[in-house]
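Residue numbers (numbering that gives the first Met the number 0): 0 to 392. Even for Gly, the Cβ is constructed at its ideal location relative to N, Cα and C. Working notes for the structure below.
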Amino acid sequence: MVERRTVNPYVTGSSPVGGAKFLFLMLLFIFNIFYYLFFDEIRLMTKIITSIKIRRPDDCHVHFRDGNILKLIVPYTSKFFGRAIIMPNLIKPIISINQAISYRKRIIRAIPSEHLFTPLMTFYLTDMSETKIIEDGFNQKVFIACKLYLNKVTTNSKYGVSNITNLYPVFSTMERIGMPLLIHGEVTNNNIDIFDREAYFIDQIMEPIRNNFPNLKIVFEHITTKEAVQYILSNNENIVATITPQHLMFNRNHMLVNGIKPHLYCLPILKSNIHRTALREAITTDCKRFFLGTDTAPHTQNKKESACGCAGIFNAPTALAAYATVFNEMNAMENFEAFCSLNGAKFYGLPVNNGFIELKRKKIIFNNKISKDKNNLIPFLLHKNIKWEINVI
Ligand code: DOR
Ligand code: ZN
Numbered sequence: 000m001v002e003r004r005t006v007n008p009y010v011t012g013s014s015p016v017g018g019a020k021f022l023f024l025m026l027l028f029i030f031n032i033f034y035y036l037f038f039d040e041i042r043l044m045t046k047i048i049t050s051i052k053i054r055r056p057d058d059c060h061v062h063f064r065d066g067n068i069l070k071l072i073v074p075y076t077s078k079f080f081g082r083a084i085i086m087p088n089l090i091k092p093i094i095s096i097n098q099a100i101s102y103r104k105r106i107i108r109a110i111p112s113e114h115l116f117t118p119l120m121t122f123y124l125t126d127m128s129e130t131k132i133i134e135d136g137f138n139q140k141v142f143i144a145c146k147l148y149l150n151k152v153t154t155n156s157k158y159g160v161s162n163i164t165n166l167y168p169v170f171s172t173m174e175r176i177g178m179p180l181l182i183h184g185e186v187t188n189n190n191i192d193i194f195d196r197e198a199y200f201i202d203q204i205m206e207p208i209r210n211n212f213p214n215l216k217i218v219f220e221h222i223t224t225k226e227a228v229q230y231i232l233s234n235n236e237n238i239v240a241t242i243t244p245q246h247l248m249f250n251r252n253h254m255l256v257n258g259i260k261p262h263l264y265c266l267p268i269l270k271s272n273i274h275r276t277a278l279r280e281a282i283t284t285d286c287k288r289f290f291l292g293t294d295t296a297p298h299t300q301n302k303k304e305s306a307c308g309c310a311g312i313f314n315a316p317t318a319l320a321a322y323a324t325v326f327n328e329m330n331a332m333e334n335f336e337a338f339c340s341l342n343g344a345k346f347y348g349l350p351v352n353n354g355f356i357e358l359k360r361k362k363i364i365f366n367n368k369i370s371k372d373k374n375n376l377i378p379f380l381l382h383k384n385i386k387w388e389i390n391v392i
């Protein structure tokens with residue numbers, strides 16, 4: 000009986016050339032599988048940027064609080080940002096010119112002398128807001144904008160607006176004088192699911208305001224949904240949006256799976272990944288109507304890690320690095336400077352800041368808990384590699 004031997008040059012190893020060829024083909028095969036499975040990662044890796052110099056940026060949405068916390072946190076913003084739009088939702092909200100002037104003074108006292116930083120103040124709208132104070136404050140350059148919170152929508156919003164039409168005379172004045180309206184875009188109806196609050200807001204509140212006051216300048220603050228992205232893209236230059244680092248980086252699974260993470264809880268709440276993807280895609284467009292607003296909003300550790308935890312993420316120390324990480328992942332570094340430093344200034348009619356900052360890619364594990372006296376703050380991305388070192392140049 001003749002033994003039949005199948006001779007496969009690739010597996011017998013009978014010839015060294017055949018072996019090498021086999022190895023080569025196997026490697027090619029594995030590479031192809033890897034390439035198709037992880038195509039995105041490969042594409043990202045090839046374009047990774049390791050350093051970038053940009054104009055000194057503006058943070059168009061900041062909560063500085065007051066008292067000891069104010070003193071503790073201001074330097075984290077004033078170090079790298081040239082200006083910030085300061086939210087007026089203190090425990091006693093900012094509803095007069097004098098209050099805003101003295102709050103601005105307290106902020107300025109907390110800025111280290113070597114930092115070049117200007118706080119820009121906002122007025123807190125209530126059902127009772129008077130047009131004259133707002134117009135006077137704007138003309139005197141005390142207020143740069145008015146902030147709209149609907150009643151009980153978030154932290155310190157119990158004086159917020161319960162009937163939006165009460166404010167229509169105010170909006171009419173703001174439209175006439177070119178004063179921006181900053182909107183926390185969520186409805187407060189308890190029958191509406193918390194994840195749908197923003198989409199409902201667009202239909203129920205935003206659209207009527209825009210229809211009645213087409214020339215009113217509006218900032219749709221900290222947008223979180225594909226509906227909001229679409230709304231901005233399909234409208235004109237009178238409406239812009241800020242986007243936070245947390246909504247670009249994380250979705251609701253990050254907050255809720257494998258144990259609840261109170262330090263990722265903010266309002267509007269993190270949404271599903273579909274929405275996060277829409278935000279990440281928005282920053283890759285060359286639309287100049289998206290810009291940086293961190294919504295840094297510190298609450299002490301005990302108030303975050305509580306049976307009824309406060310909404311707000313203290314991201315000032317790591318926000319710029321977080322934005323850079325996302326822009327880099329999205330191959331959108333060419334839009335980074337506009338998002339951080341140009342688009343907001345243009346909308347607010349401000350000159351771009353003097354000076355520059357430089358971000359360099361580097362492994363940096365951010366380990367700084369921030370505390371003084373009884374105030375213990377847990378910053379965004381604590382114990383994570385924030386990937387970028389930032390210097391003022
Ligand atoms: O998470 C939030 N925190 N969202 C807001 O709208 C307010 C902010 C705060 O002031 O704590
Ligand atoms: Zn806010």
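Can you check the stretch 328 to 389 for any alpha helix (DSSP H) of at least 4 residues that lies completely inside it and give the ranges in chain order?
-> 342 to 347
Could you tell me the boundaries of the alpha helix (DSSP H) in which Thr76 lies?
-> On the sequence shown, residue 76 is found 77 positions in, with the first residue counted as 1. Residues 66 to 77.
Tell me the DSSP bridge mates of Tyr123?
-> Numbered from its first residue, the sequence shown carries residue 123 at position 124. In DSSP, Tyr123 forms a bridge with Lys146.
Going by DSSP, what residues sit across from Ser50 in a beta bridge?
-> In the sequence shown, counting from the first residue as 1, residue 50 sits at position 51. According to DSSP, Ser50 bridges with Lys359.
Local conformation of Ala240 per DSSP, three classes = Start at 1 with the first residue of the sequence shown, and residue 240 comes out as number 241. Three-state DSSP puts Ala240 in a strand.
Proximity to Gln229 [Cα-Cα], best of Ile47, Phe326, Arg279, Leu124 | As a working mapping, residue 229 is identified with position 230 in the sequence shown. That would be Arg279, whose Cα lies nearest to the Cα of Gln229.
Distance cut-off 7 Å: Asp58 Cβ against heavy atoms of the ligand ZN | Your numbering for residue 58 matches position 59 in the sequence shown. Asp58: no, Cβ never under 7 Å from the ligand ZN.
Taking 7 Å as the cut-off, does the CB of Ala144 come closer than this to any heavy atom belonging to the ligand ZN?
-> Counted from its first residue, the sequence shown places residue 144 at position 145. Every heavy atom of the ligand ZN is 7 Å or more from the Cβ of Ala144, so no.
So, helix, strand or coil for Ile392, using DSSP?
-> In the sequence shown, counting from the first residue as 1, residue 392 sits at position 393. It is coil, neither helix nor strand.
Coil, strand or helix - Asp398 by DSSP | Nothing can be reported for residue 398: it is not among the residues displayed for the chain, which extend from 0 to 392.
What residue range is occupied by the uninterrupted alpha helix (DSSP H) comprising Ile259?
-> Counted from its first residue, the sequence shown places residue 259 at position 260. That residue, Ile259, is in no alpha helix (DSSP H); it is neither H nor E in DSSP.
What did DSSP end up calling Ile84 once you bin it into helix, strand or coil?
-> The residue labelled residue 84 in the question sits at position 85 within the sequence shown. DSSP places Ile84 in strand when its eight states are reduced to three.
Ile182 - partner residues in DSSP beta bridges = Within the sequence shown, the letter at position 183 stands for residue 182. Ile182 pairs with Leu147, Phe219.
Enclosing beta strand (DSSP E) for Leu291 [first to last residue] | In the sequence shown, residue 291 corresponds to position 292, counting from 1. Start and end: 289 to 291.
Cut-off 6 Å between Cβ atoms - residues of its own chain near Lys216, not counting five sequence neighbours on either side = Here residue 216 corresponds to residue number 217 of the sequence shown, with the count starting at 1. The residues are Pro179, Asn237.
Cβ of Gly308 versus every heavy atom of the ligand DOR: is any distance shorter than 7 Å?
-> To locate residue 308, count along the sequence shown from 1; it is residue 309. Not so, every heavy atom of the ligand DOR lies at least 7 Å from the Cβ.
Start and end residues, alpha helix (DSSP H) containing Val169 = For the purposes of this step, residue 169 is identified with residue 170 of the sequence shown, where counting begins at 1. Where Val169 is concerned, the enclosing alpha helix (DSSP H) stretches over 167 to 176.
Taking just the CA atoms, how far does Ile392 sit from Phe355?
-> Walking along the sequence shown from the start, residue 355 turns up at place 356. Walking along the sequence shown from the start, residue 392 turns up at place 393. Approximately 5 Å, taken between the alpha carbons.
Verify the contact flag: Met120, CB atom, against every heavy atom of the ligand ZN, threshold strictly below 7 Å.
-> Mapped onto the sequence shown, residue 120 falls at position 121. Flag unset: Cβ of Met120 not near the ligand ZN.
Verify the contact flag: Ala240, CB atom, against every heavy atom of the ligand ZN, threshold strictly below 7 Å.
-> Start at 1 with the first residue of the sequence shown, and residue 240 comes out as number 241. No.
Below 7 Å CB to CB, which residues in the same chain sit around Thr172 once its five sequence neighbours on both sides are set aside?
-> Against the sequence shown, residue 172 aligns to sequence position 173. Closer than 7 Å at Cβ, skipping near neighbours: Thr130, Ile133, Glu134.
Could you round the C-beta distance between Glu243 and His274 to whole angstroms and report it? I think they count as a contact, below 8 Å.
-> On the sequence shown, residue 243 is found 244 positions in, with the first residue counted as 1. On the sequence shown, residue 274 is found 275 positions in, with the first residue counted as 1. Inspection of the sequence shows that residue 243 is occupied by Thr rather than by Glu. Under the criterion of beta carbons closer than 8 Å, Thr243 and His274 do not qualify as touching, at roughly 13 Å.
Taking Asn301 as the reference, give the member of Glu333, His262, Met205 with the closest Cα.
-> Counting from 1 along the sequence shown, the entry for residue 301 is found at position 302. With distances taken between Cα atoms, Asn301 lies closest to His262.
CB contact flag (Tyr123, Tyr158, <8 Å) = Residue 123 sits at position 124 when you count from the first residue of the sequence shown. Residue 158 sits at position 159 when you count from the first residue of the sequence shown. Result yes, Cβ atoms of Tyr123 and Tyr158 sit closer than 8 Å.
Would you mind stating whether Leu291 and Cys59 have Cβ atoms separated by less than 8 Å?
-> Counted from its first residue, the sequence shown places residue 291 at position 292. Counted from its first residue, the sequence shown places residue 59 at position 60. Yes, they are a contact pair.
Of the residues Asn374, Ile364, Phe326, Met86, which one's Cα is nearest the Cα of Phe142?
-> Taking the sequence shown and counting its residues from 1, the one referred to as residue 142 is at position 143. When only C-alpha atoms are compared, the closest one is Met86.
For the ligand ZN, any of its heavy atoms closer than 7 Å to the Cβ of Ala296?
-> One-based indexing of the sequence shown puts residue 296 at position 297. Yes, since a heavy atom of the ligand ZN falls inside the 7 Å radius drawn around the Cβ of Ala296.
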